[in-house]
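The structure appears right after this line, and notes come after that.
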Amino acid sequence: MPLASTATSFDGGLYTWITELAQRSPAALDSAIRVWSDYGLALFALLMLASWWRSRSAGPARTAMALCTPLVVVAAYIVNDLVKSAFHEQRPCQTLHVVTVEACPALGDWSFPSNHAAIAAAAAIAIWLTDRRLGALAVPAALLMAASRVWIGVHYPHDVLIGLVTGALVAWPLTVAARRCAPAVVRLREGPLRPLVATR
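Residue numbers (my numbering): 3 to 202.
Set out below in structure tokens:
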């Protein structure tokens, strides 16, 4: 189901305005945003590790949620990729005549919805539900990740918006459901794996 023409008429103008703004911005800013866009997902991995580590001194339900966060993120990626496979939307840098910060992905590397945005949103929601203090870092970081994908030119605004929504909608119920694994955490805290799920 091709979306190229619909996307171009829907928010192609906003996309063009953003990419033109990026071209007028300092090179150092563009480089910083490109690095964040390409490698910033590593921050969410670190926040997940921190969430797990901090949850060891909390109740078993919170620990279960922290341990399940990576699985939640994988589930969100799979769902988002299934949506992506149903809509063959070309990257905006392939269909619009613009100069972009990032090299344009090849034809067939579909744009809608953004995997980066979905992964970031899923991680942010799962972390926020588990640890509000870390979530206060993860949520704005997810929004910045989504915005960066448009800034460097690889996604339309609606790509990242739907990616954020998809990631959040998958992560919220799965993270809440992970509390049901609390009895398993209790059992682990009574065995040799106690250091992984509890402090002394």
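Glycine is no exception: its CB is placed at the ideal position from the N, C-alpha and C atoms.
Secondary structure remark: continuous alpha helix (DSSP H) runs of at least 4 residues inside the segment 68-135, in chain order: 94-97, 117-132.
Here Arg151 has Ser39, Ser116, His118, Ala119, His157, Val162 as same chain residues with Cβ atoms under 7 Å from its own Cβ, once five neighbours each way along the sequence are excluded.
Of Leu131, Phe114, Val100, the smallest CA-CA separation from Glu22 is found for Val100. Contact check for Ala125 against Val75 passes: the beta carbons are separated by less than 7 Å. Contact between Ala78 and Ala173 holds, with the beta-carbon distance rounding to 6 Å and staying under 8 Å. Distance between Trp130 and Thr102, taken at the CA atoms: about 33 Å.
Between the alpha carbons of Ile20 and Ile35 lies a distance of about 13 Å. A straight-line Cα-Cα distance of about 10 Å links Leu98 and Gly155. Annotation: Gly155 is outside any alpha helix (DSSP H) and is labelled neither H nor E by DSSP.
Secondary structure of Thr201 (DSSP, three-state): coil.
Here the alpha carbons of Ala68 and Asp133 stand approximately 9 Å from one another. Leaving aside the five residues that flank Gln25 on each side, the residues in its chain whose CB is nearer than 7 Å to its CB run, in chain order, Val101.
Taking each of Trp55, Gly42, Lys86 in turn and checking the Cα distance to Ile164, the smallest one comes out for Lys86. Contact between Ala122 and Gly169 holds, since their C-beta atoms are separated by about 7 Å, short of 8 Å. Of the candidates Phe12, Asp111, Pro159, Ser33, Asp111 places its Cα closest to the Cα of Ala88.
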